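Okay, structure first, notes after.
2 protein chains.
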Amino acid sequence: MHFGRRVVGLFALIAIPSLSIAETVRWDDQVSTFELDNGMEVVVIEDHRAPVVVHMMWYRAGSADEKPGVSGVAHFLEHLLFKATDNMESGEFSKTVAANGGSDNAFTSYDYTAYFQRVAADRLDLMMQMEAERMVNLRLSEADILTEREVIIEERNQRTENDPSALFGEQASASLYLNHRYGVPIIGWRHEMETLGLQDALAYYKQYYAPNNAILIVAGDVTPDEVKELAMRHYAPLAANPDLPERARPQEPQHNAARRLEYKDPRVAQPYVSRTYLAPERDSGDQKAAAALMLGAALLGDGQTSFMKQKLEFEEKSAVYSTAYYRGTALDDTRFTTIVVPVPGVSLSEAEASMDRVLQEFMATPIDLEHLDRIKRNLRAQDIFAKDNVQGLANRYGRALTSGLTIKDILEWPDVVESVTEEDIKAALKDVLQERTSVTGWLTSGVEVSQ
Amino acid sequence: MHFGRRVVGLFALIAIPSLSIAETVRWDDQVSTFELDNGMEVVVIEDHRAPVVVHMMWYRAGSADEKPGVSGVAHFLEHLLFKATDNMESGEFSKTVAANGGSDNAFTSYDYTAYFQRVAADRLDLMMQMEAERMVNLRLSEADILTEREVIIEERNQRTENDPSALFGEQASASLYLNHRYGVPIIGWRHEMETLGLQDALAYYKQYYAPNNAILIVAGDVTPDEVKELAMRHYAPLAANPDLPERARPQEPQHNAARRLEYKDPRVAQPYVSRTYLAPERDSGDQKAAAALMLGAALLGDGQTSFMKQKLEFEEKSAVYSTAYYRGTALDDTRFTTIVVPVPGVSLSEAEASMDRVLQEFMATPIDLEHLDRIKRNLRAQDIFAKDNVQGLANRYGRALTSGLTIKDILEWPDVVESVTEEDIKAALKDVLQERTSVTGWLTSGVEVSQ
Chain G
8 MHFGRRVVGL FALIAIPSLS IAETVRWDDQ VSTFELDNGM EVVVIEDHRA
58 PVVVHMMWYR AGSADEKPGV SGVAHFLEHL LFKATDNMES GEFSKTVAAN
108 GGSDNAFTSY DYTAYFQRVA ADRLDLMMQM EAERMVNLRL SEADILTERE
158 VIIEERNQRT ENDPSALFGE QASASLYLNH RYGVPIIGWR HEMETLGLQD
208 ALAYYKQYYA PNNAILIVAG DVTPDEVKEL AMRHYAPLAA NPDLPERARP
258 QEPQHNAARR LEYKDPRVAQ PYVSRTYLAP ERDSGDQKAA AALMLGAALL
308 GDGQTSFMKQ KLEFEEKSAV YSTAYYRGTA LDDTRFTTIV VPVPGVSLSE
358 AEASMDRVLQ EFMATPIDLE HLDRIKRNLR AQDIFAKDNV QGLANRYGRA
408 LTSGLTIKDI LEWPDVVESV TEEDIKAALK DVLQERTSVT GWLTSGVEVS
458 Q
Chain V
8 MHFGRRVVGL FALIAIPSLS IAETVRWDDQ VSTFELDNGM EVVVIEDHRA
58 PVVVHMMWYR AGSADEKPGV SGVAHFLEHL LFKATDNMES GEFSKTVAAN
108 GGSDNAFTSY DYTAYFQRVA ADRLDLMMQM EAERMVNLRL SEADILTERE
158 VIIEERNQRT ENDPSALFGE QASASLYLNH RYGVPIIGWR HEMETLGLQD
208 ALAYYKQYYA PNNAILIVAG DVTPDEVKEL AMRHYAPLAA NPDLPERARP
258 QEPQHNAARR LEYKDPRVAQ PYVSRTYLAP ERDSGDQKAA AALMLGAALL
308 GDGQTSFMKQ KLEFEEKSAV YSTAYYRGTA LDDTRFTTIV VPVPGVSLSE
358 AEASMDRVLQ EFMATPIDLE HLDRIKRNLR AQDIFAKDNV QGLANRYGRA
408 LTSGLTIKDI LEWPDVVESV TEEDIKAALK DVLQERTSVT GWLTSGVEVS
458 Q
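These protein sequences, in sequence, are chains G and V. If you use the working numbering, the first sequence corresponds to residues 8 to 458, in order. If you use the working numbering, the second sequence corresponds to residues 8 to 458, in order.
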């Protein structure tokens, strides 16, 4: 292992070199970037310990970029990208990867869609050839639509319809977001999925799948020069989409009224209460509030020594589980969530009252600085270990870069986290823990009496 | 008055004549329709008692037809239609109407935008000339945008920001609708109104303002032949918009979880609780459920003898006001709402419990058939009196025709209402009064303790 623990801190202090087309910018011993003339950004993450590469194509387009009425089309298209292209048969992509000893998959979220293959380093050429092909030459048929629509609907059945907690989460998200499409499930509303057609998929494809909306990340046993040579061959010839729209989604209005919802489902074995607050995301160049919220969530609800768990699970013994979490990497306003799962015999009303009391106590109590230091130390360790997992690292870069952040933001993040003080955390939580921007949800079997 | 009370019933039974371009269809003594080659529908409502006409142009485009991110643009454009056109100066339209002794105005709702003038019958020619002009020749400047945007924001200040009940209603609507744009306020979210620009207004104008998306209603001292002659002169030359999109909005997903919200505002003098259920709208050819809901709302909460008022205001004396209402005329899923305003000393929690109890009691009690008959009799009387108010009648036709209904539906409505039975009402209410599709809202001053 040749990356010392001081590396991240060191490179975050270096002045950012000016970018020019196809000029490689070396950010640290591991990460380099360059950009193709057609606007495609390329990130290379080196790790020469094993002769393997992960080749990922990230599109700055997810479910929150869908038009109204076609929810699920981003994820639908992700499935359809494994169908035929001008020069490949349906299924040929994955078959070829497997025949070459690799594995491949794809995933869709609110802010991005990504495709990746893990293969021997000498197969990178082939991966790029195929990925470039399906970026622009997809050939969909009505038969593909019918077949794959069944697949995504079945996926929804498995993941959502059969899971009361997932159904509950959907309704809570839709209630939290009054205007933004983060309130619409990534997989789509069932009734809209059922009507997704060829034109819907093609419209999304033509709008968003283009080199100037893509980020190529290659991680593993490869050099920036090798990646550049292959990228010039396969991706540089692709034309940019001149009509790529500005990425501006409808934002939330003022939230004036706390919302509550109760989802009753006889399949619920373990009732719980959740509270979600609208929260700021990591903003490029201004990540401190997000770092403070991440640390606040960890202090509150992450690990056995966290404030909520100590109070509710160990002292009061009123909860079997409790947690707080915050998803900072997002393009637009995100969420800060707390959950309490009461022990049998404790009502959701009591659980919610406990949750409120613990949150208030936390805000009124000085932060345990040793606890905070321990969390920061763990995060630093995680950052260092992360450098050993290039696929994880590639994911981290992909998520951040498709969520409005820059390489500089990613590299600065550990220092921003390190610099967060007790006061920062309290101030950020005070801003976020406002009843009027919150949704409180009860998931119950329907047997328990409300209140 | 030459319209007997049997007329509506009679004509609803007549077979519908087949339509052909510009052929006038006479629906009863009062109402005639024809269609221009460019797709504009024309409705003439005759009333020769006074030498006055109301000239209305209705567009099948309202706030629910807006694109995400530009909420308020339908209403903004309504204001801008009084600015300059190729052949009129800014403000000239209304000045000309006034100079001719008339009055004019406009209004915007979820499903329509409408413009109207009330003038002496011999000025109809001039009204059509001007209305046709601004349908296609609007000339907006950046200065218009800046000026009028201030006006609509000030309108929002007056109507919404200064009215806790309106703010509360906005948040409740946004919480009720999980997917449909009925959840977005007609006037717009403030932060989106602030960024509305010239291109937003023009895009909406070009998409929706065209003869094939318009319904002309002329009511008053005029004959169908006279209207046709003028309409052929002024409106027939306008080209249809071949790119008019199909009017299909995103529909609601399954509602699985009852939602609640509480809006606290120190300006609130009179706290109250509201409950809104998602409810079916009047569907063309299938209006019975809507008629049953309308009668159900009347039985429950309209008038001193209604069930809620009797129980809550007179027997219990726990409420100073209570009501139930239902808006049936809408293109998509609409709302059924009940409200209870408790007397001082009664908490919202108690008021809500009373509301629930009264709803349950109503469902468990046979409907007072004399009460139902009285309501039907009143509605019949209103329908007859309505024929004397051509402006009101024109509004009724415009609302229905822009909400997916036909002339036949409008004429059949009284008979549908008449045919509704006690069982129909109970069945329709049972379908609608489902907790999981509801939003319960508390409007409080913030002083009262929740629960």
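The C-beta atom is built at its ideal place from N, Cα and C for all residues, glycine as well. Note that the structure is predicted; figures quoted are calculated from it, not measured.
Contact of S182/G with chain V by beta-carbon distance below 7 Å involves S182, R266.
By the C-beta criterion, the segment 226-245 of chain V is judged not to be in contact with the segment 155-175 of chain V, since fewer than 3 inter-stretch pairs fall below 8 Å. Secondary structure at L185/V: coil, using DSSP grouped into helix, strand and coil. Minimum Cα-Cα distance from D380/G among the listed residues M63/G, A305/G, R342/G corresponds to A305/G.
Just so you know, the alpha carbons of D232/G and E42/G end up roughly 13 Å apart. Contacts between R256/V and chain G, judged by CB atoms closer than 8 Å, involve P75, G76 in chain order.
Under the rule that a run must span 4 or more residues, the alpha helix (DSSP H) segments found entirely inside the segment 198-263 of chain V read 205-215, 231-241. Using a 10 angstroms sphere on the CB of S39/G, the tally of other CB atoms reaches 16 or more, which defines it as buried.
Secondary structure at P349/G: strand, using DSSP grouped into helix, strand and coil. For M64/G, the enclosing beta strand (DSSP E) begins and ends at 59-66. With fewer than 16 other Cβ atoms inside 10 Å of its own Cβ, E30/V counts as exposed.
Along the segment 155-178 of chain G, the positions whose C-beta sits under 7 Å from a C-beta of chain V are L174, F175, Q178, read in chain order. At a cut-off of 9 Å between C-beta atoms, V191/V counts as an interface residue with respect to chain G.
Taking a contact as a CB-CB distance under 8 Å, the pair G292/G and D416/G counts as one, their CB atoms being some 7 Å apart. Taking CB atoms only, K437/G has no neighbour in chain V less than 9 Å away. For N144/G against N94/G, the beta-carbon gap comes to about 7 Å, under 8 Å, which counts as contact. Rounded to whole angstroms, the gap between the alpha carbons of A226/V and R406/V is 15 Å. Taking 9 Å as the cut-off between beta carbons, the residues of the segment 196-214 of chain G near chain V are W196, R197, H198, E199, in sequence order.
Counting along the chain, the unbroken beta strand (DSSP E) around I52/V starts and ends at 48-53. With fewer than three CB-CB distances shorter than 8 Å, the segment 417-427 of chain G does not count as touching the segment 130-143 of chain G. Judged by DSSP in its simplified three-state form, N107/V adopts coil rather than helix or strand. When CB distances to chain V are screened at a threshold of 9 Å, the residues of the segment 238-262 of chain G falling below it are A255, R256, P257, Q258, E259, P260, Q261, H262, in chain order. Proximity to G448/V across M362/V, S426/V, K394/V, I432/V peaks at M362/V, based on C-alpha coordinates. Contacts between Y270/G and chain V, judged by CB atoms closer than 9 Å, involve N263, A264, A265, R443 in chain order.
Annotation: the continuous alpha helix (DSSP H) that includes V365/V extends over 355-371.
Beta-bridge pairing by DSSP links K271/G to T451/G. Listed along the chain, the chain V residues whose CB falls inside 9 Å of the CB of L366/G amount to none; the nearest CB is some 16 Å away. Taking 9 Å as the threshold, the shortest C-beta distance from L185/G to chain V falls below it. F314/G carries a helical assignment under DSSP once its states are collapsed to helix, strand and coil. When C-alpha distances from E429/V are compared across A388/V, G76/V, Q398/V, D375/V, the shortest belongs to D375/V.
Judged by DSSP in its simplified three-state form, N396/G adopts coil rather than helix or strand. N385/V carries a helical assignment under DSSP once its states are collapsed to helix, strand and coil.
Closest option to M135/V, judged by alpha-carbon separation, among A91/V, R146/V, H198/V, L223/V: L223/V.
Between the segment 61-70 of chain V and the segment 176-185 of chain V, the count of C-beta pairs closer than 8 Å stays below three; the two stretches do not touch. Excluding its 5 nearest sequence neighbours in each direction, H86/V has C-beta neighbours in its own chain below 7 Å: E155, V158, I159, listed in chain order. With a beta-carbon spacing of about 14 Å, A358/V and A331/V fall beyond the 8 Å limit used to define contacts.
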